[in-house]
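Protein chains in written order, with our numbering: chain A, 1445 to 1786; chain B, -8 to 288.
Every residue gets a Cβ at the ideal spot worked out from N, C-alpha and C, and that includes glycine.
All values reported here derive from a predicted model rather than from experimental measurement.
Inspection log for the structure reproduced underneath, given as C-alpha cells.
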Amino acid sequence: MSTAVFAPSRLEARIRVLLPWLLLGVLAFLPTAGLTPNIIRLLFITFVWITTSLGWNLLGGLTGQVSFGFAVFYGLGAYSAALLIDRGVNPYLSFLGAGLIPALASVFIGLPTFRLRGPYFAIATIGVSEATRVIMNNLAITGGASGFRITEHRPFHQVDHYYTALGMAALAVAASFLIMHSKFGMGLRAIKQDEDAAADLGVNPYSYKLAIHAVAAAFTGIAGGVFARYAAFIYPQGVFAFQTSVYILLMPVIGGIGTIWGAVLGGVVFGIVEEQLVANFPQIHLLLYGALLILIILLEPDGLAGLLGKLFRRLRRSKRKNGNAHSRSREADEVLRGAGSG
Amino acid sequence: MTFVDFLNLLIAALLLAGIYAVMSVGMTVIYGVMKIVNLAHAGFMMMGAYFAYELYERLHLDPILAALLAFPFFFLVGIAIHWLLVRWLPHSDRPTLQSLLLMFGIWLVLQNIGYLVWGNTDRSILTPRTLAILHLGPITISTLRLLVFVAAVGCMAVLEIALSRTWFGRSVRALIQNRYAGRIVGVDDEKTARLTFGMGIAFAGVAGALLATLFSFDPDFGRPFLLRAFVIIVLGGLESVSGVALGAVILALVETFSILFVPAQYQPAISFGMLVVVLVVLPGGVASLWARRRRLA
C-alpha cells in the first residue's frame, strides 16, 4: 500500500513482497481451471483498465498533473494497433507501435500544455482530446466516424488475449513500482509537492513531466491496442470519447490516487462494476461513480485503498493498543489539495 | 464575399456573442470569488435547457420567459449545492485540483441524472418563432436570435448593476481583488461565496435555457459550450465581467468567420484548438496584451 505508517513486521514485509507474485501465479493459472468465456472476458477487460489506470496514475497521481485527455492515447494506441494488424504485422509487434505512437503524441501535446500548471493543464487537456476526436472522425485512413474493422489472419484464441492483457498489466505494475522507487520517481514526487522547490533542487519539471507523460501514454496506448485487437472493431466515438478519458481518470482517483494498489483496485472495481451495470443501466454506472468521486474528494482523498487500509489498521489497533493516529497518507492529500499546482 | 454577406456574418457573430457572454459570466464570477474552476457549469447548462423544455412542453410557456424563470430556480439550486458540498472544500487562493475534481463529479452526476430522466435522444424546442426571419433591406436577421440576444444583454446589464450598485456586488468585487483584505474590512466571505455560487449557477441555467431555443440538446449538451466558455473567460482575463464580453465577441467572430476558411466537419475543433492556444499564449487574457503594450510604450 502507500506509505508505511507502522514499521511493518518481518512477516508483513514478506507478505507484501510475495502477494503480487502469488496473485500473478493465480491469475496465470486461472484459464486452465475451466472458467467460462464470459469470466475470462471480464478479467481481460479488467486487465486493460488496470493498465490505463496505472498509466494515468503515473502522471496524475505520482506527478500531480491531472489530465482529462487520456482517451487520446487510448484511441491512438487502438488505431495504431488496428492499422498495423490489419496490414498483417505480428500483433505483438503492433502493440509496440501502439505504445510508440501515443508516446510521440504525448510529447507533441505536452510541449505546449506543460507550460500550464494544475487546473489550467487539466482544462487544456479537455480541449486537446475534443479536437483529436473531431479530427479522427474525419480522417480517411481510419475509416472516419464509421469506424475500423480489424481483419486478423489467424485463428481467435481467447486465452491468447487473456495472457497478453495479463502480461501487460503485470508489466505496468512492475514499471510503476520501478519508477516510483527510482530517483526519477522521487523527482516526480517533488514536482507534485512543489514545482518551484523541485526546480531549485535541480529537477527540471518540464522535461520530467514530458518524460512521465510519454511513459503513461505508452501504457495507455498499449492497453488501447490490446483492447482493439480483442474487440476487432473500433470507432472514434468509442475509443476517443470523452467518456473514455473520464473512465481512465476515475479509476485511479476512486481506487486511491498516487499508489500502485489504489490504481489496481480502482481498475478491478471499475471493470467488474462496469460489466455488471453498463449493459443494463449505463447511466447508473456513471451516476454511481460521480457520486463516489464527490464523496471521495470530500471525505477520503485516499480512495478505496485508503478506506481499506483504515479498516485494516483499525482492526489491528483493537488488537494492539498503541496505534499511531496518523492514518491518511500524505500522498493523496498533496495531490488533491493542489500543492505544487499554482 | 460581398459586403452584404460580410454584414450578415458580422451581425450573426454579434448576436452569438450575447449568449456566449451569459454562458461564460457565471464561471467568471465563481472563479473570481472562490477560485473554483466550475466544470459543473456544463451540467447546469444542460439542466437549464431541460428546464425550458419541460416548461414549454407541459405548460406551453414561452421558452424565453422560461429562461428568465430559470434564474431564481437555479439560484436556489446553486445555493443548495454550495451549502451541501462546495463549502466543505478547503479555502485557497489558487484553483485546486480537489475543487476541479469535485465540480467534475457534480457534472457527472447531473449529466447522468439527465440520461436517466430524459434518455439520450436529441430534443429541441420548436416554436413558431424558431424559423422566423427579420428582413432589413438585404440584411436578414433571425428573430429568435435577436430575442435571445436581447435577453442575454438584459441579463448582463442586471449583473453589471448588481455588481456596481449593491452591497453584495461591492463584496464580490472586494473578494475578487483580495480575499484577505476583503475579510479585514468586514466582508462576510462565506455568505458572499454562497450567493456568488448561486448566481453563477443561475447564469448557467439561464444560458442553457436560451441556448436550448437555438440548438437541439441531449444530456451531454453542455460540454462543447463549456470549452467555449473557458476560451472566453481566459481571453477575458478570468476574473473580469467586462473581459467576458470582450472574449465572447472575439470567440464569436472567430467561429463565425472561420466558416469561410475551415471545412464544416472540422468546425468544432476550432474552439477546442483555440482553448489550448489561448491558454498557452495568452494566459492573462487580451487585457494582458494591452498592459504589456502600455508598459513598453
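Residue i classed as buried or exposed, judged by whether at least 16 other C-beta atoms fall within 10 angstroms
{"i": "A:Asn1534", "result": "exposed"}
{"i": "B:Gly203", "result": "Note on identity: in this sequence residue 203 of chain B is Ala, with Gly being the wrong assignment. The residue in question, B:Ala203, is buried, as its Cβ has 16 or more Cβ neighbours within 10 Å."}
{"i": "A:Trp1465", "result": "exposed"}
{"i": "B:Asp113", "result": "exposed"}
{"i": "A:Asp1644", "result": "exposed"}
{"i": "B:Ala172", "result": "exposed"}
{"i": "B:Ile152", "result": "exposed"}
{"i": "A:Leu1693", "result": "buried"}
{"i": "B:Ser90", "result": "buried"}
{"i": "B:Trp251", "result": "At residue 251 of chain B the sequence reads Leu, which differs from the Trp that was named. Answer is exposed; the Cβ neighbour count stays below 16."}
{"i": "A:Ala1613", "result": "buried"}
{"i": "A:Ala1618", "result": "exposed"}
{"i": "A:Thr1608", "result": "buried"}
{"i": "A:Lys1653", "result": "buried"}
{"i": "B:Phe221", "result": "buried"}
{"i": "B:Phe212", "result": "buried"}
{"i": "A:Asn1501", "result": "buried"}
{"i": "B:Thr(-7)", "result": "exposed"}
{"i": "A:Gly1513", "result": "buried"}
{"i": "B:Val269", "result": "buried"}
{"i": "B:Ser207", "result": "exposed"}
{"i": "B:Glu48", "result": "exposed"}
{"i": "A:Gly1519", "result": "buried"}
{"i": "A:Val1722", "result": "exposed"}
Those residues which DSSP pairs with residue i across a bridge
{"i": "B:Ser133", "result": "B:Ile124"}
{"i": "B:Phe208", "result": "B:Arg114"}
As assigned by DSSP and simplified to three states, the class of residue i
{"i": "A:Ala1678", "result": "Residue identity differs from the one stated: residue 1678 of chain A is Ile in this sequence, not Ala. In the structure shown, A:Ile1678 sits in a strand (DSSP, three-state: E or B)."}
{"i": "A:Phe1592", "result": "strand"}
{"i": "A:Val1533", "result": "coil"}
{"i": "A:Leu1455", "result": "helix"}
{"i": "B:Ile290", "result": "One cannot answer for residue 290 of chain B here, as it falls past the ends of chain B, which runs -8 to 288."}
{"i": "B:Asp84", "result": "coil"}
{"i": "A:Gly1505", "result": "helix"}
{"i": "B:Gln258", "result": "coil"}
{"i": "B:Phe263", "result": "helix"}
{"i": "B:Ala195", "result": "helix"}
{"i": "A:Ala1685", "result": "coil"}
{"i": "A:Ser1626", "result": "coil"}
{"i": "B:Gly177", "result": "coil"}
{"i": "A:Arg1772", "result": "A caution first: A:Arg1772 carries a pLDDT of 48, below 50, which makes its placement in the model too unreliable to give a value."}
{"i": "A:Lys1754", "result": "helix"}
{"i": "B:Ile152", "result": "helix"}
{"i": "B:Leu217", "result": "helix"}
{"i": "A:Val1717", "result": "helix"}
{"i": "A:Leu1487", "result": "helix"}
{"i": "A:Ile1792", "result": "Outside the displayed range of chain A (1445 to 1786) lies residue 1792 of chain A, so it cannot be described from this structure."}
{"i": "B:Lys26", "result": "coil"}
{"i": "B:Val225", "result": "helix"}
{"i": "B:Phe188", "result": "helix"}
{"i": "B:Met(-8)", "result": "coil"}
{"i": "B:Arg49", "result": "helix"}
{"i": "B:Asn103", "result": "helix"}
{"i": "A:Leu1467", "result": "helix"}
{"i": "A:Pro1649", "result": "helix"}
{"i": "A:Gly1478", "result": "coil"}
{"i": "A:Gly1699", "result": "helix"}
Nearest-angstrom beta carbon gap, residue j and residue i [assumed within contact, 8 Å]
{"i": "A:Gly1711", "j": "A:Met1695", "result": "5 Å"}
{"i": "A:Leu1560", "j": "A:Ala1568", "result": "6 Å"}
{"i": "B:Gly196", "j": "B:Phe35", "result": "6 Å"}
{"i": "B:Leu6", "j": "B:Leu137", "result": "6 Å"}
{"i": "B:Met25", "j": "B:Phe194", "result": "Not a contact, Cβ separation roughly 15 Å."}
{"i": "A:Val1708", "j": "A:Gly1699", "result": "7 Å"}
{"i": "B:Leu218", "j": "A:Ile1570", "result": "6 Å"}
{"i": "B:Pro215", "j": "B:Met37", "result": "Not a contact, Cβ separation roughly 11 Å."}
{"i": "B:Gly110", "j": "B:Ile192", "result": "Contact doesn't hold; Cβ gap of about 24 Å is too wide."}
{"i": "B:Ala198", "j": "B:Met14", "result": "4 Å"}
{"i": "A:Phe1663", "j": "A:Thr1495", "result": "6 Å"}
{"i": "B:Thr121", "j": "B:Leu135", "result": "6 Å"}
{"i": "A:Val1697", "j": "A:Ile1740", "result": "7 Å"}
{"i": "A:Ala1661", "j": "A:Pro1546", "result": "4 Å"}
Item checked: Length at least 4, wholly inside the stretch 1506 to 1572 of chain A: the alpha helix (DSSP H) runs in chain order -> Within the stretch 1506 to 1572 of chain A, the complete alpha helix (DSSP H) segments at least 4 residues long are 1514 to 1530 and 1535 to 1557, listed from N- to C-terminus.
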